[in-house]
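Basically my numbering = 1-based index in the first sequence + 397. Before any comments, here is the structure.
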Amino acid sequence: MSIVAQIKAAAAKAINHLYGVAMEPSAILVNATKPEFEGDYTVVLFAFVKQLKKSPDALGSELGGYLTSHHAGLFASFNVIKGFLNLVVTDAYWLDFVEQASNNGTYGDHICNGRKVMVEYSSPNTNKPLHLGHLRNNFLGWSTAAILRANGNDIVKTCIVNDRGIHICKSMIAWQLFANGATPASTHTKGDHFVGDYYVQFNDELKRQIETLKAEGLAPELAEKEAPIMKATQQMLVDWEAGKPEVMELWRTMNSWVYEGFDATYKTIGSDFDKVYYESNTYLLGKDIVQKGLTKNVFYKKEDGSVWIDLTADGLDEKVVMRKDGTSVYITQDIGLAEQRYNEYHANESIYVIGDEQNYHMKVLKLICQKLGLPSADGIYHLSYGMVELPTGKMKSREGTVVDADDLVEEMVKVAKETTLKKLEETGKIKEFEAGELEQLYKTIGLGGLKFFLLRVDPKKKMIFNPEESIDIHGFTGPFVQYTHARIKSILRKVGEGLRAEGEGLRAEGESTLLKLEKDLSVQLELFPTVIDEAATEHDPSKIAIYVFNLAQAFNSFYSQHSIANAESEEKKTLRLQLANLTAQVIKKGMGLLGIEVPERM
RNA sequence: GACUUGGUAGCUCAGCUGGAUAGAGCAACUGCCUUCUAAGCAGUAGGCCAUUGGUUCGAAUCCAAUCCAGGUCACCA
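Here is the structure:
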C-alpha cells in the first residue's frame, strides 16, 4: 500500500477512534507537504472541522498526537499550521521501502485483476503511408496497452485496417493508368510509399480533368463527378464489391505492397498487434443487428427504406444506420465489429484510440450499442487525442506539409547519431562501444526522443510538433531520461561490483538517517505504483512521462551532491547503491511503458 | 447557428475529484567538471492562471455569461 493510502487509512481510523465518526479513507485529503514547512505529507483538516465541531488547531493536534503514538513506526513527529496537519514520516520507513523495493526486482508490478481490455489503435488506410498523426496514435495505443497491462489487466492489442473503399480504388486506377507495370521491387520503393505515390497521381490527374471540364463550361461540382478518372474509380468500386477477378487481383497485390511497407514501419517504431481486423471482412457486419434493432424499435424505417435512429432525446441527432439500398454506412460496420470483437474476446473494456474529430461519431456509436443492449456497449471507451500540428499550422496533404512517418523517424535517428557521436568522441566514451552497438544506440535515442515528445503531453490536447524541440536532448526529453539511466548503470558497473550478488541484496541496517536529497529521491520512487494506477485509470501515458522525468531529475540532484563510491560510511554507500539501483529499475520500467528503451551506456 | 474541446511565464506544457506564497522544460543571464557519465547540477529573471460575475473559511481548479481558437453537426470513412 502506498504511503499516502496508509496515511489516509490511519487518519480515518484515528478519527473513528477519537470522535466516533465513521470516515472513508478516500474522504481524507493528503498532499505532499510544501517545501517551506516541516514534514513530508499533510492532512488537510478544513473538511472535518464542521462535522467534528472542532477547531482546526485542536483537531490537528489531537489527530497528530494519535497518529504519532499509534503508528510510531510510520510517523516521527507532526506540526499543525492553520488547519494543515504536517506529518514527518520516519526515516526507517523510507529505508525499509528502498531496501525492499530495490531487492525484489518486481517493484511496480501489479497482480492480475482478471479484467480484459482491448485496445484498438493505428487503423490506417491502405492508400498511403503513415504520417505523424499515425505515430501519435500508435504510440498512445501501444503505451496505454502497456500501462494497463502493468496495472494488472489482460490486454488484446488490435487494429482495423481500412483496406477497401473508394480511396484504395483511386490508387489502383492511377496505377493502371500510369505505372506501366511498375512495382515496389522494380522501382526500389517501399510498398506503402509506392502505392501512396499513385494516390497522389490520381489527385493530380483528377484536378487536371476537372480543369478541362470546367473550361468546357461544366459546373465545378459536376466536373468532379464527370471526370473520366473519377467515373472509372466509381466503376472499380462497384466491380470490387461484385468480386470481379481482375479487380480483386490488383487490389490484393497493391494491398500486399502496402502491408509490407506498414510492417517495416511498425517494426522500426516497435508497434505490434495481437489481432488485426480487415475492413474488407467486416464491412458487411452489423446488418443483422440493424434488423434486430428494427424489431426492437430501437431503429425505424423511413418511407424510402433507409433505417434511422433518433438520438434527439439524448441531445444528439437522427442518424442513418442503413442506406435505402440496404448497404451499410460506416457506423453500421462499427456496431457489427464491436459485437464481433466482444464475441471473440469478451473484453470488459474496449478502448478506441481515435482522433478527436470523431468524438461525435464515437459518442453515437456507444449510445447506439447501449440502446441495442449489446454486452460490449458500456465498455466502449474513446481514447480521443488532439491533432498534431506544425509550428506553421496544420498539416495539409494538398499543400504537401504532411510529415511522413518513415522520413521523420529516419531524421530523428540521423540527428541522434550526429549529437551522440559528437558527445562520445568529446568524452572518449566511444571506445567502450562496438560498431553494431552504436547503430542500435542511435535508434534507441532517436526513437526514444520522438516517442517521449509525442507522449509527454495530455492525449486529449492538440499538440504542436516543433521539429527543433523534438530533437532536443536537454530537459524534459527522452534522451535526458535515457542518459540518467546510462549514468546510473555506469556507476553500478564501477561501484556496485560485488555488492549486488544474487539474493544477497543490499543491506543498510546500520544506517538510520536520510539526507534531504536521499529522501526526496525515495519519495519519488515510492510514487511509481500510484502513478501507474493513475495513468491506467485515466488512460494517459503522459502521466508516466512526467513521472519518469521528475524521477530522473531527483536522481541527478541527489547524485550531484552526494558521492556513492566515496560515501561517508559503508552504510551510506549501501543505501545509495540501493537508491541508484532502484532508480535505474524504475526508469527502465517506466520508459518501457512508453515503448522507449534505455541504454546501458551512452 | 447547435453541440463540443481548449485558453496558465516570450515558447512548449504540468497543476483542474477546491487547500498553504501557481510549477517544469526551452530560450536569456550567473555560477559549478584534478572526484562515480557536465546529454548534468545549482541559481537569477520571467504570471491580473482569457474576461466578468457567482458559490465559500478558501477558486487556476466548481457554476454562469462573454471573448478568442480548434473540432463536429454527410445515405464519407
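Each residue gets a CB set at the ideal place from its N, CA and C atoms; glycine is no exception. Quantities reported herein were computed from a predicted structural model and do not represent experimental measurements.
Where do the N-terminal and C-terminal ends of the beta strand (DSSP E) with residue i fall, by residue?
{"i": "L780", "result": "777-782"}
{"i": "L484", "result": "481-486"}
{"i": "N510", "result": "Here N510 belongs to no beta strand (DSSP E), and DSSP marks it neither H nor E."}
{"i": "N476", "result": "472-478"}
{"i": "T555", "result": "551-558"}
{"i": "V440", "result": "438-441"}
{"i": "D636", "result": "Per DSSP, D636 belongs to no beta strand (DSSP E); it is in the alpha helix (DSSP H), 625-639."}
{"i": "V945", "result": "Counting along the chain, V945 falls outside any beta strand (DSSP E), though it belongs to the alpha helix (DSSP H) covering 939-958."}
Per DSSP, residue i is paired with what?
{"i": "H528", "result": "D801"}
{"i": "N522", "result": "N559"}
{"i": "I706", "result": "K716"}
{"i": "I861", "result": "E786"}
{"i": "M809", "result": "Bridge partners of M809: none, in fact."}
{"i": "M515", "result": "V553, S747"}
{"i": "Y697", "result": "W705"}
{"i": "G752", "result": "Y782"}
Residue i: buried (16+ other C-beta within 10 angstroms of its C-beta) or exposed?
{"i": "N577", "result": "exposed"}
{"i": "S519", "result": "buried"}
{"i": "T724", "result": "exposed"}
{"i": "A898", "result": "Bear in mind that the predicted position of A898 carries a pLDDT of just 46, short of 50, making it unreliable; the figure below should be weighed with that in mind. Its Cβ having fewer than 16 others within 10 Å, A898 is exposed."}
{"i": "I827", "result": "exposed"}
{"i": "E915", "result": "buried"}
{"i": "Q497", "result": "exposed"}
{"i": "L619", "result": "exposed"}
{"i": "N756", "result": "exposed"}
{"i": "I861", "result": "exposed"}
{"i": "T910", "result": "exposed"}
{"i": "M759", "result": "buried"}
{"i": "K819", "result": "exposed"}
{"i": "H743", "result": "exposed"}
{"i": "G900", "result": "Caution is warranted here: a pLDDT of 43 is assigned to G900, below 50, making its placement in the model unreliable, and the coordinate value is therefore given only provisionally. Classification of G900: exposed, given that the 10 Å Cβ count is below 16."}
{"i": "H467", "result": "exposed"}
{"i": "T1028", "result": "Absent from the model: residue 1028. The displayed extent of the chain is 398 to 999, so no value can be given."}
{"i": "I993", "result": "buried"}
{"i": "Y697", "result": "exposed"}
{"i": "A411", "result": "buried"}
{"i": "R605", "result": "exposed"}
{"i": "T650", "result": "exposed"}
{"i": "A582", "result": "exposed"}
May I ask which residues mark the beginning and end of the alpha helix (DSSP H) holding residue i?
{"i": "N428", "result": "Not the alpha helix (DSSP H): N428 falls in the beta strand (DSSP E), residues 427-429."}
{"i": "E676", "result": "676-679"}
{"i": "L979", "result": "967-990"}
{"i": "G505", "result": "Element bounds for G505: n/a, residue is neither H nor E."}
{"i": "P926", "result": "925-935"}
{"i": "R890", "result": "875-892"}
{"i": "L415", "result": "400-416"}
{"i": "I686", "result": "684-692"}
{"i": "E834", "result": "832-852"}
Consult DSSP for residue i and reduce its assignment to one of helix, strand or coil.
{"i": "C566", "result": "helix"}
{"i": "M645", "result": "helix"}
{"i": "D594", "result": "helix"}
{"i": "C766", "result": "helix"}
{"i": "S747", "result": "strand"}
{"i": "D869", "result": "coil"}
{"i": "G462", "result": "helix"}
{"i": "V717", "result": "strand"}
{"i": "S725", "result": "strand"}
{"i": "G578", "result": "coil"}
{"i": "V673", "result": "strand"}
{"i": "T584", "result": "helix"}
{"i": "E621", "result": "helix"}
{"i": "A898", "result": "Bear in mind that a pLDDT of 46 at A898, under 50, signals an unreliable position, so the number given afterwards is only what the model happens to contain. Here A898 sits in coil by DSSP."}
{"i": "R998", "result": "coil"}
{"i": "G538", "result": "helix"}
{"i": "I993", "result": "coil"}
My understanding is that residue i touches residue j, with C-beta atoms under 8 Å, so please give their C-beta distance in whole angstroms.
{"i": "D701", "j": "K554", "result": "Not a contact, Cβ separation roughly 41 Å."}
{"i": "Y463", "j": "L415", "result": "6 Å"}
{"i": "M809", "j": "G846", "result": "6 Å"}
{"i": "V516", "j": "A547", "result": "Their Cβ separation, rounded to whole angstroms, is 13 Å, which puts V516 and A547 out of contact at 8 Å."}
{"i": "W654", "j": "F591", "result": "6 Å"}
{"i": "L734", "j": "Y674", "result": "7 Å"}
{"i": "T927", "j": "S399", "result": "5 Å"}
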